Amino acid sequence: MVAQLSKGERQLSVIVLLALALAGLAMAVAGRADPLGVHGIIVILFSAALIFVVLAQFNAPEPSPERLKDYYDDPSKVGIVLSMFWAVIGMALGVWVAALLAWPDLTIDAAWASFGRLRPAHTSAVIFGFGGNALIATSYHVMQRTSRARLPGQFSPWFVLIGYNLFCVVAAAGYFMGVTQSKEYAEPEWYADIWLTIVWIAYFVLYIRTLARRKEPHIYVANWYYLAFILVVAMLHIVNNLAVPVSLGHAKSYSAFSGVQDAMTQWWYGHNAVAFFLTAGFLGMMYYYLPKRAGRPIFSYRLSIISFWGITFMYMWAGSHHLHYTALPQWVQTLGMTFSLVLLVPSWASAGNALATLNGAWHKVRDDATLRFMMAAAVFYGLTTFEGSFLAIRPVNSLSHYTDWTIGHVHAGALGWVALITFGSIYAVVPWLWRRQAMYSARLVEWHFWLALSGTVIYVFAMWNSGIIQGLMWRTYNESGTLTYSFIESMVAMHPYYIARAFGGLLFLLGAIIGTYNVLMTITGHSKAVEEVGEDMPHRAGAAISAEPAE
Amino acid sequence: MSLDHQTLVGFAKSWGLFYLMALAVGVLIYTFWPSNKKRFQDAKKSILDEDDKPWM
Chain A
310 MVAQLSKGER QLSVIVLLAL ALAGLAMAVA GRADPLGVHG IIVILFSAAL IFVVLAQFNA
370 PEPSPERLKD YYDDPSKVGI VLSMFWAVIG MALGVWVAAL LAWPDLTIDA AWASFGRLRP
430 AHTSAVIFGF GGNALIATSY HVMQRTSRAR LPGQFSPWFV LIGYNLFCVV AAAGYFMGVT
490 QSKEYAEPEW YADIWLTIVW IAYFVLYIRT LARRKEPHIY VANWYYLAFI LVVAMLHIVN
550 NLAVPVSLGH AKSYSAFSGV QDAMTQWWYG HNAVAFFLTA GFLGMMYYYL PKRAGRPIFS
610 YRLSIISFWG ITFMYMWAGS HHLHYTALPQ WVQTLGMTFS LVLLVPSWAS AGNALATLNG
670 AWHKVRDDAT LRFMMAAAVF YGLTTFEGSF LAIRPVNSLS HYTDWTIGHV HAGALGWVAL
730 ITFGSIYAVV PWLWRRQAMY SARLVEWHFW LALSGTVIYV FAMWNSGIIQ GLMWRTYNES
790 GTLTYSFIES MVAMHPYYIA RAFGGLLFLL GAIIGTYNVL MTITGHSKAV EEVGEDMPHR
850 AGAAISAEPA E
Chain B
123 MSLDHQTLVG FAKSWGLFYL MALAVGVLIY TFWPSNKKRF QDAKKSILDE DDKPWM
């Protein structure tokens, strides 16, 4: 991989890594025993390891100029593998925190293994580690193909990918030490936030530069979604993380906002992170890989444009539904509720567009588990957006908020939509990137599909049950006007559902492990996948699979 | 005019509404503009090409 970089790019890499190591040194010196100091040492080790990787091939011959006639896929390949790696870690942490709720003793009496630290490590590892790497890897792949242009340089794609993973490592390491700014999905502290801002701006510039080089005049709709994801996440991240550190030598910082303004800023961020990180980017994946895999153009291109603008402009206003019955002014709550309801229209337009694309290709969905991943993702997308609109209605929220129903809703989206569309896209793109005829084992893709689907269904049903029971128990009054159930009684009632949820999560994790094995076997070129294919894309990998009946 | 809560509420409730409606109309016009039809048809088909090299 390093040998593919030009000499100048190798020099630039070493210089940037040295600068990063120096920044790490400054953090270590300024931070000393503070978690900031530990993070400094992590940054130094991370940069030093990469400097050795570059130096090992520093004097390799200059790569052939012929490479410029192809797309640049090395960063996508590494991103896909990192994504699967984070998936296994993040989902394993998820199973652990789920088990902690059922059996609290599993916290092994260590501070780092307490629920409050493991839980953000789980959410960040799956959302940012797994989802983010998959988004970066596939966005490089999709933007080059749809623009018919190679990435503008070879350095900045690596800077974005590796810099992003450094952020993920710093975030995860921080949680175990107890570092958090107590904003959900924005837990990392100020220095990690500054680093992510630099990386993210580089990502945005890279995307725009690639689009500027495009040979295809029309910008395909998948790119619009990816670009909305990059641009809006930059806005959200910068505004929500405005904070003042206690000192340059401390990890702790205080938000620039206070009180209900802080809460509103956080949930403007939080809900739009769902909208633009977990929805827009993955819709970009869907609008490219689903038609490609099905071998059919998207059902309605016009509908995809209308739903794009609908999602982009309406999600922005929906965040206040997280703050029903709080100090937030009533009209702002109503605004968020109303926009959440209207959002159902563009959301279902996208889900319907995906399913209508498959209409006429159901035999492919039956035979090809990869396409079935994408189909099931579209169904879950439709279900989850319906549920989301419903939960945003204030009286419904009075029952559901603070209960497990919310967790069930989030996981219907995260497992059913985000993870399934990602696995489907990864199974579509891996043979393509490594120029294999198909995945190593179609049977293992089947296994993964059914484990993932049954895990999601078990998880979501368990949380629906526990959430509604919880909500009802908390609002049941007796004749004398006091609460019928104590809090602990509602906890006892939850126990069986927590066990079921941990089991559903375990099935999902097993699927991800199988998927990782399958991806690695495909990459290393074992048996069935070994046959290399020529220059262009492997002749619709799906067609090769659908020749054999499904297991 | 001071920038207080009422001012912002008034702004959001009037111009916010107009801007969203104008946006919706604009998007619909763009989407259904007759001369855009061919471009959209081409766009949705062109990704299905099997070639996997940048255009020079």
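Here the protein sequences line up with chains A and B, keeping their order.
This note's numbering puts the first residue of the first sequence at 310, with every later residue one more than the last.
This note's numbering puts the first residue of the second sequence at 123, with every later residue one more than the last.
Just so it is clear, CB atoms sit at the ideal spot from N, CA and C, and this is done for glycine as well.
Note that the coordinates shown come from a computational prediction; the quantities given were computed from them, not determined experimentally.
Name the one or two DSSP bridge partners that residue i has.
i      : result
A/P554 : A/S562
A/Y786 : A/L792
Going by beta carbon distance, what residues of the same chain come within less than 7 Å of residue i, once the five residues before and after it are set aside?
i      : result
A/A856 : Its pLDDT being 40, under 50, A/A856 is placed unreliably in this model, and the coordinates cannot settle the point.
A/W421 : F485
A/P805 : none
A/A636 : V569
A/I822 : V397
A/H559 : D343 and L345
A/I614 : V530
A/A434 : W395, I398, G399, L402 and A481
Find the residues of chain A that neighbour residue i, judging by a C-beta separation of less than 9 Å, and give them in chain order.
i      : result
B/K160 : Neighbours of B/K160 on chain A: none; closest Cβ ~10 Å, over 9 Å.
B/L145 : W618 and F622
List, in chain order, every chain A residue whose beta-carbon is nearer than 8 Å to that of residue i.
i      : result
B/D180 : Here chain B has residues from 123 to 178 only, and residue 180 of chain B is not among them.
B/L139 : Neighbours of B/L139 on chain A: none; closest Cβ ~11 Å, over 8 Å.
Please classify residue i: does DSSP put it in a helix, a strand, or coil?
i      : result
A/R745 : strand
A/L652 : coil
A/V508 : helix
A/S799 : helix
B/K160 : helix
A/G814 : helix
A/I778 : helix
A/N368 : coil
A/I417 : coil
A/S659 : helix
A/T693 : helix
A/G462 : coil
B/Y141 : helix
A/G604 : coil
Spatial neighbours of residue i within its chain, please: CB distance less than 6 Å, with the 5 preceding and 5 following residues excluded, ordered by chain position.
i      : result
A/Q642 : S629 and H633
A/L444 : G590
A/Y597 : V451 and A531
B/G138 : none
A/L321 : F464
A/L753 : I823 and N827
Give me the chain B residues within the contact set of residue i, using Cβ-Cβ distance strictly less than 9 Å, ordered along the chain.
i      : result
A/D379 : D174, K175 and P176
A/K524 : P176, W177 and M178
A/K601 : I169 and L170
A/V794 : The residue asked about is misnamed: residue 794 of chain A is Tyr in this sequence, not Val. What A/Y794 touches in chain B: nothing, since even the nearest Cβ is about 40 Å away.
On the CB-based measure, 16 or more other CB atoms within 10 Å of its CB, does residue i come out buried or exposed?
i      : result
A/H718 : buried
A/E496 : buried
A/H848 : Low confidence applies here, because A/H848 scores a pLDDT of 48, under 50, leaving its location unreliable and the question unanswered by this model.
B/M143 : exposed
A/L816 : buried
A/A419 : exposed
A/F689 : buried
B/V147 : exposed
A/Q575 : buried
A/R605 : buried
B/Q163 : exposed
A/H672 : exposed
A/Y749 : buried
Going along the chain, which residues of its own chain have a beta-carbon closer than 8 Å to the beta-carbon of residue i, five neighbours each way excluded?
i      : result
A/R522 : S456, A458, R459 and P461
A/I528 : T455, S456 and L520
A/V362 : V311
A/L327 : S356 and I360
A/A565 : L551, A552 and V553
Since residue i meets chain B, which of its residues come closer than 7 Å, beta carbon to beta carbon?
i      : result
A/A863 : Because chain A here runs from 310 to 860, residue 863 of chain A falls outside it and cannot be looked at.
A/P554 : The contacting residues do not exist; A/P554 stays about 29 Å from chain B at best.
A/I607 : K166
A/T455 : I169
A/G661 : Simply none; closest approach about 16 Å.
Run through chain B and tell me which residues come within less than 8 Å of residue i, C-beta to C-beta.
i      : result
A/P461 : Ordered by position in chain B, no residue passes the 8 Å Cβ test against A/P461, which lies about 11 Å from the chain.
A/R611 : T153, F154 and F162
A/W657 : Under the 8 Å cutoff, chain B gives no residues; its nearest Cβ is about 17 Å from A/W657.
A/I615 : V149, L150 and T153
A/Y534 : By Cβ distance, chain B contributes nothing, its closest Cβ being about 14 Å from A/Y534, past 8 Å.
Applying a beta-carbon distance threshold of less than 7 Å, which residues of chain A neighbour residue i?
i      : result
B/L142 : F622
Check whether chain E comes within 8 Å of residue i, counting only Cβ atoms and requiring the distance to be less than that.
i      : result
A/G604 : No chain E is present in this structure, whose protein chains are A and B.
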